[in-house]
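To start, the structure under review is shown below, and the notes come after it.
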Amino acid sequence: MIRPASATAQTERGSQTASSGRGVSPASDDTVVARAIDLTKTYGERDSQVVALDHVNVEFTRGEMTAIMGPSGSGKSTLMHCMAGLDQPTSGKVVVEGLEVSSMNQRQLTKLRREQIGFIFQSFNLVPTLTAEENILLPLQIAKRPIDRAWFDKVVDVVGLRPRLTHRPSQLSGGQQQRVACARAIMARPAVIFADEPTGNLDSRSSREVLGFLKDSVREYGQTIVMVTHDPRAASYADRVLVLADGRITRDLKHPSYEEILDVFATEGDEDAGVGAADTAETTEDRA
Numbered sequence: 001m002i003r004p005a006s007a008t009a010q011t012e013r014g015s016q017t018a019s020s021g022r023g024v025s026p027a028s029d030d031t032v033v034a035r036a037i038d039l040t041k042t043y044g045e046r047d048s049q050v051v052a053l054d055h056v057n058v059e060f061t062r063g064e065m066t067a068i069m070g071p072s073g074s075g076k077s078t079l080m081h082c083m084a085g086l087d088q089p090t091s092g093k094v095v096v097e098g099l100e101v102s103s104m105n106q107r108q109l110t111k112l113r114r115e116q117i118g119f120i121f122q123s124f125n126l127v128p129t130l131t132a133e134e135n136i137l138l139p140l141q142i143a144k145r146p147i148d149r150a151w152f153d154k155v156v157d158v159v160g161l162r163p164r165l166t167h168r169p170s171q172l173s174g175g176q177q178q179r180v181a182c183a184r185a186i187m188a189r190p191a192v193i194f195a196d197e198p199t200g201n202l203d204s205r206s207s208r209e210v211l212g213f214l215k216d217s218v219r220e221y222g223q224t225i226v227m228v229t230h231d232p233r234a235a236s237y238a239d240r241v242l243v244l245a246d247g248r249i250t251r252d253l254k255h256p257s258y259e260e261i262l263d264v265f266a267t268e269g270d271e272d273a274g275v276g277a278a279d280t281a282e283t284t285e286d287r288a
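Numbered per full-length UniProt numbering, the sequence shown spans residues 1 to 288.
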């Protein structure tokens, strides 16, 4: 089994804990890729102040896929942005691979994102003038890191892109473009990949292909993925589902089924969580 470089010496898996309050008992450091400690994020002041994150404590375990869900305004995207160093918390700490992200300057953050963090965006964020292969390799070239051709070949074969490597984004379908984005993220072997609504612009078939690849990258390569999604079907691919409401973690579900996730949102009345008729035909076996 091939594992990302950051995880080759640390293959044990541990339990993960989440809480909206204080006093989380941390898992051992060798199993935790990223953690938030008493994380708070507010916008505005006084009467107009909005609390996006309210003293959140959470750990993300190595080699697992976590989905973060919640209604619009619940804080799920804010949590991911703070964890990835894209936004600064008002108070509290973010730690990635033992490095305190929340105290870094911009130069240090840039280095961290190049070396330890991968990103997958809803809008793909591919360079339109570059081929699929060039887009996949671009982050390594910017960082002036050597290209492991054996690893490149393995990633390309897993995502099924070999016949499309010379194609530019305009010549690819939405699902193919997102697979290029996934390959680009995993190619650098980051400690953790943050995926923001990775299937938001895809049809049900393309969504299943992308989610299947993400799940395989966790299962086969030991990758760690944190995914924000509105879609219970997408979340059901994850090993763990966190549910946020009003800036707090209200549920921490381990290996939930699609039906269990739907039940949670039916109970909590989340109008944002839902799927189309085409998705409801998918069975549990499709995700195994």
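Using N, Cα and C, we set each Cβ at its ideal position, and we do this for glycine too.
If we ignore side chains and look at the alpha-carbon of each, how far apart do residue i and residue j end up?
i, j, result
"T224", "D216", "11 angstroms"
"E133", "T199", "21 angstroms"
"S103", "Y43", "19 angstroms"
"E156", "R46", "Checking the sequence, you will find Val at residue 156 rather than Glu. About 51 angstroms."
"A234", "R149", "31 angstroms"
"K254", "I186", "24 angstroms"
"I249", "V56", "7 angstroms"
"Q108", "I117", "13 angstroms"
"D54", "D153", "44 angstroms"
"F265", "I136", "36 angstroms"
"S48", "R164", "50 angstroms"
"S74", "I261", "17 angstroms"
"R184", "H81", "19 angstroms"
"S77", "G247", "10 angstroms"
"I142", "T129", "16 angstroms"
"A245", "P71", "7 angstroms"
"S236", "I147", "34 angstroms"
"N105", "Q176", "35 angstroms"
"M83", "T61", "14 angstroms"
"D231", "C182", "18 angstroms"
"D87", "V101", "10 angstroms"
"S123", "L202", "10 angstroms"
"A277", "R145", "With a pLDDT of 31 at A277, under the threshold of 50, the modelled position of that residue is not reliable, and the figure given next carries that caveat. Cα to Cα, A277 sits roughly 45 angstroms from R145."
"W151", "Y258", "33 angstroms"
Helix, strand or coil for residue i, going by three-state DSSP, please let me know.
i, result
"R73", "What sits at residue 73 in the sequence shown is Gly, not Arg. If DSSP states are grouped into helix, strand and coil, G73 belongs with coil."
"G92", "strand"
"M104", "coil"
"residue 289", "What the structure shows of the chain is the stretch from 1 to 288, and residue 289 is not part of that stretch, so it cannot be assessed."
"F119", "strand"
"Y237", "coil"
"A84", "coil"
"T250", "strand"
"T267", "helix"
"L242", "strand"
"D47", "helix"
"L79", "helix"
"L126", "coil"
"T40", "strand"
"T66", "strand"
"D54", "strand"
What do you reckon, are the CB atoms on residue i and residue j nearer than 9 angstroms?
i, j, result
"G98", "I37", "no"
"G174", "S206", "yes"
"T131", "R168", "yes"
"V192", "A34", "yes"
"D30", "F119", "no"
"residue 293", "L39", "Because residue 293 is not part of the residues shown, which for the chain are 1 to 288, the question remains open."
"V159", "F213", "yes"
"V226", "R179", "no"
"R114", "P139", "yes"
"V32", "K41", "no"
"V95", "G85", "no"
Kindly say whether residue i, judged by its beta-carbon, lies nearer than 9 angstroms to any beta-carbon of chain B.
i, result
"L140", "In the structure shown, chain B does not exist; there is a single protein chain."
Quick one: any contact between the region 66 to 81 and the region 220 to 240, if contact means 3 or more CB pairs under 8 angstroms? yes
Please specify which runs of the beta strand (DSSP E), each continuous and at least 3 residues long, are wholly inside the region 139 to 205, giving them in chain order. 192 to 196
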